[in-house]
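Asks: Okay, handing you the structure first.
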């Protein structure tokens, strides 16, 4: 049997395969991007489900519109407003998590051999989604403020019309934990306008800021409809409902709606109505404050533990929000090999190589601090520190 | 801004656009493929949701494995067994309805310009899903027993290696309502083996047989892993949970799992656990008997009404299961134009043209009998009959 060429490019995600190993309860896992399950608002969700079934049961179990359930789209538009992005509900398409928005963006923009520009490193789930559309990747180096703009412009000029999209995660980036400065955001938008390119702004963590002032979303500065914004309830409410969204101007949004129609018709009606009913009564903003309180403490504990247990020569980012820190080891240490040893010592992380579509980078790792409690964070970092020390 | 070439092929589904019009309560709609909402087991679903939240809440709201929730996969394997297909839970991937399986099949098999063989007419949702992968369509004519095998073989020989898959809906086909004979099923499988082609067997309605003996699924006769089976809970339980599945041998299933990972990571954890918990206590087989009883009556009422109100020269299929009948009018009557007039008279159907990817066919219509009550069926068919009469 013969498969399409694209199937040669699609490989099993190492994170997903690793996560299977790390699901054993005895493992201290910094590998996933899991929100802390003890913070899920179980009672409120249950109550909203019961209300949905008792007052709108038949509607909730029936097919619904591809765009999404209007009261949920209105809540999402309100949430976008709270993020500084003025929009309307009809600019929202409800998706199965923001991962589906990544898939659709690939579908809309890439012919085989086209180029997408990504941060180096970038989110491996996006890299995997885009590969299905047989695009190639152009990595642009980043510093603490975001992509290096000279390099970005040189890259666009070099590859010209074959560049079809710029993909960025400007807030608490996955995997680096870094946040773009205002200036870089403005520069990115200016370059995108100059070269007439769309920007895909992926923002799952933007509301999880522990300290400092929020940066304006790139989409909030977009005056000609070239920015597509991806949001999700996975990190602020729960991932198990699989609800995210695409927000864009009408011409672009209509393309995403067509993709949704062909891909799976619509997001779950009952989950959409449940979340809309939930948000009628439950303050997601208060809930986000609780999440931030816990994650901030975990970040602090992790930073202290890294300071204490990681040997000199190891650097790591200090995120001001989100779920991840990015650790750089001396270049001679291969984190894939280290990862295998770590599993033996019942601690897990994601080796950095997966976050670079082209370049060789084998000495970094992504560490998650949202899903383990403070005691496990200390113990896990202690074990990792000892393993790193042994490699120095 | 430049879009990928495939976007030129993806158009808004006429059914979905039409459905928006037909959602007005005063319209008697035979247009959708909606199951009867009054048959949804609301209390049982609510009870299963509450159980899920109270006993497995944190797990239900967390990320889960891409393949699906194992207890649900086991229930699905049992359901496949009841359809005469021996399989194991690890041959099942849980998807967002079977529509997502169609999307993934396109992704796995088609390069630009490849050919897929479909029944003429075929399901427009599949046609739309496949178009995203820039394939071309080869229609093979059908009679009351399924595809015409001579024409199928001639088509395969003519297009050779560019043919990548055969897509069929052998039970109560959408849109025709027809069911393939055993002999045609065997012949199709033999041809697929001879020319080494995969078969995509889409079976949303197979369990909804009103009369006669069930035909064996093509997958049940597959001895070398070339048949991919698509199933769904949308027609036997509820579409609003968006749960369907792909069942295939391991090599093929792994390709679908990779697609799922990139496309949206996984189906909703909470919906999967809820359905697994529901099926622990609730007999879906008893429930299907209730659905069949109602749909059989509605089919009978519709057949009687068509007999009474449709003028001579109009033919229609008499389905032994499923949701649809296919009506053929004299060739000079254009059903798109008739459809517009029908909406004015507050009755709706889907014009047949959408079900033919290549050929011109403007004098047919798909009529659904599952979602309107008997009184509305009589009234709607009476109105349609008068409109047709006026065109004769």
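Residue numbers (our numbering), protein chains in the order written: chain L, 2 to 393; chain V, 2 to 393.
Glycine included, C-beta positions come from ideal geometry on N, C-alpha and C.
These numbers were taken from a predicted model, which means no experiment stands behind them.
Out of curiosity, what's the CA-to-CA distance linking residue 236 of chain L and residue 3 of chain V?
Replies: Within the model, the alpha-carbon separation for residue 236 of chain L versus residue 3 of chain V is close to 32 Å.
Asks: If you draw a straight line from the C-alpha of residue 122 of chain V to the C-alpha of residue 142 of chain V, how long is it?
Replies: It is roughly 8 Å from the alpha-carbon of residue 122 of chain V to the alpha-carbon of residue 142 of chain V.
Asks: For residue 46 of chain L, return the contacting residues in chain V, with the cut-off set at a CB-CB distance below 7 Å.
Replies: Residues of chain V whose Cβ lies closer than 7 Å to the Cβ of residue 46 of chain L are, in chain order, 54 and 62.
Asks: Between the beta-carbon of residue 274 of chain L and the beta-carbon of residue 70 of chain L, is there less than 7 Å?
Replies: yes
Asks: Is residue 300 of chain V helix, strand or coil by DSSP?
Replies: In the displayed model, residue 300 of chain V falls within a helix according to three-state DSSP.
Asks: Enumerate, from N- to C-terminal direction, the unbroken alpha helix (DSSP H) stretches of 4 or more residues contained entirely within the region 35 to 80 of chain L.
Replies: Look at the region 35 to 80 of chain L and you find these whole runs of alpha helix (DSSP H), each 4 residues long or longer: 43 to 61.
Asks: Tell me which same chain residues have a C-beta within less than 8 Å of the C-beta of residue 148 of chain L, skipping the five on either side of it?
Replies: 120, 141, 142, 169, 181, 185 and 189
Asks: If you measure from the beta carbon of residue 43 of chain V to each beta carbon in chain L, is any gap under 7 Å?
Replies: yes
Asks: Can at least three beta-carbon pairs, one atom from the region 84 to 99 of chain L and one from the region 109 to 116 of chain L, be found at a separation below 8 Å?
Replies: The region 84 to 99 of chain L and the region 109 to 116 of chain L do not touch, with fewer than 3 CB-CB distances between them shorter than 8 Å.
Asks: Can you tell me which of the three DSSP states residue 349 of chain L falls into?
Replies: Secondary structure at residue 349 of chain L: strand, using DSSP grouped into helix, strand and coil.
Asks: Could you tell me which uninterrupted beta strand (DSSP E) segments, each at least 3 residues in length, are contained entirely in the region 242 to 308 of chain V, listed from first to last along the chain?
Replies: Counting whole runs of 3 or more residues, the region 242 to 308 of chain V contains the beta strand (DSSP E) stretches 245 to 248.
Asks: How is residue 8 of chain L classed by DSSP in three states: helix, strand or coil?
Replies: helix
Asks: To which residues of the same chain is residue 276 of chain L closer than 8 Å at the C-beta, ignoring the five residues directly before and after it?
Replies: Result list for residue 276 of chain L: 49, 73, 76, 234, 238, 242 and 244, in chain order.
Asks: Return the CA-CA distance between residue 151 of chain V and residue 210 of chain V, expressed in angstroms with no decimal places.
Replies: 28 Å
Asks: At 9 Å on the CB atoms, spell out the chain L contacts of residue 23 of chain V, in chain order.
Replies: Contact of residue 23 of chain V with chain L by beta-carbon distance below 9 Å is absent, the smallest such distance being about 12 Å.
Asks: Candidates V:323, V:331 and V:269: which alpha carbon is nearest residue 315 of chain V's?
Replies: V:331
Asks: What residues are listed by DSSP as bridge partners for residue 369 of chain V?
Replies: V:325
Asks: Which whole-angstrom value describes the C-beta separation of residue 133 of chain V and residue 11 of chain V, a residue pair presumed to lie in contact below a C-beta threshold of 8 Å?
Replies: 6 Å
Asks: Quick one: is residue 351 of chain L near chain V, going by C-beta distance under 7 Å?
Replies: Taking 7 Å as the CB threshold, residue 351 of chain L stays off the interface with chain V.
Asks: Is DSSP giving residue 361 of chain V helix, strand or coil here?
Replies: Per DSSP, reduced to three states, the secondary structure at residue 361 of chain V is coil, with no helix or strand assignment.
Asks: Considering only residues of the same chain and omitting the five flanking positions on each side of residue 271 of chain L, which have a CB-CB separation below 7 Å?
Replies: 53, 61 and 62, listed in sequence order.
Asks: Let me confirm a value: residue 336 of chain L is counted as buried when at least 16 other C-beta atoms fall within 10 Å, else exposed. Which label applies?
Replies: Buried.
Asks: Flag residue 98 of chain V as yes if its beta-carbon sits less than 7 Å from any beta-carbon of chain L, otherwise no.
Replies: yes
Asks: Going by DSSP, what residues sit across from residue 316 of chain L in a beta bridge?
Replies: Bridge partners of residue 316 of chain L: L:329.
Asks: Would you say residue 241 of chain V reaches chain L, if we count a Cβ-Cβ gap shorter than 7 Å as a contact?
Replies: yes
Asks: Which one of V:214, V:246 and V:253 has the shortest CA to CA distance from residue 200 of chain V?
Replies: V:253
Asks: DSSP on residue 148 of chain V, reduced to helix/strand/coil?
Replies: strand
Asks: Measuring CA to CA, which of V:258, V:24 and V:229 is closest to residue 349 of chain V?
Replies: V:24
Asks: Taking only three categories from DSSP, how would you classify residue 139 of chain V?
Replies: strand
Asks: Starting from the beta carbon of residue 38 of chain V, find every residue of chain L whose beta carbon is closer than 8 Å, and list them in chain order.
Replies: 59, 60, 62 and 63
Asks: Indicate whether at least one CB of chain V lies closer than 7 Å to the CB of residue 265 of chain L.
Replies: Taking 7 Å as the CB threshold, residue 265 of chain L lines the interface with chain V.
Asks: Name, please, each residue of chain V whose Cβ falls closer than 7 Å to the Cβ of residue 116 of chain L.
Replies: Chain V residues near residue 116 of chain L: none, gap ~12 Å exceeds 7 Å.
Asks: Going by DSSP, what residues sit across from residue 232 of chain L in a beta bridge?
Replies: The bridge partners DSSP lists for residue 232 of chain L are L:246.
Asks: What's the gap between the Cα of residue 343 of chain L and the Cα of residue 371 of chain L?
Replies: 19 Å
Asks: Leaving out five residues before and five after residue 363 of chain V in sequence, what residues of the same chain have Cβ atoms less than 7 Å from its Cβ?
Replies: Taking C-beta separations shorter than 7 Å and ignoring five residues to either side along the sequence, the partners of residue 363 of chain V in its chain run 335, 336, 337 and 354, following chain order.
Asks: Can residue 356 of chain V and residue 176 of chain V be called in contact, C-beta distance under 7 Å?
Replies: The answer is yes: Cβ separation under 7 Å.
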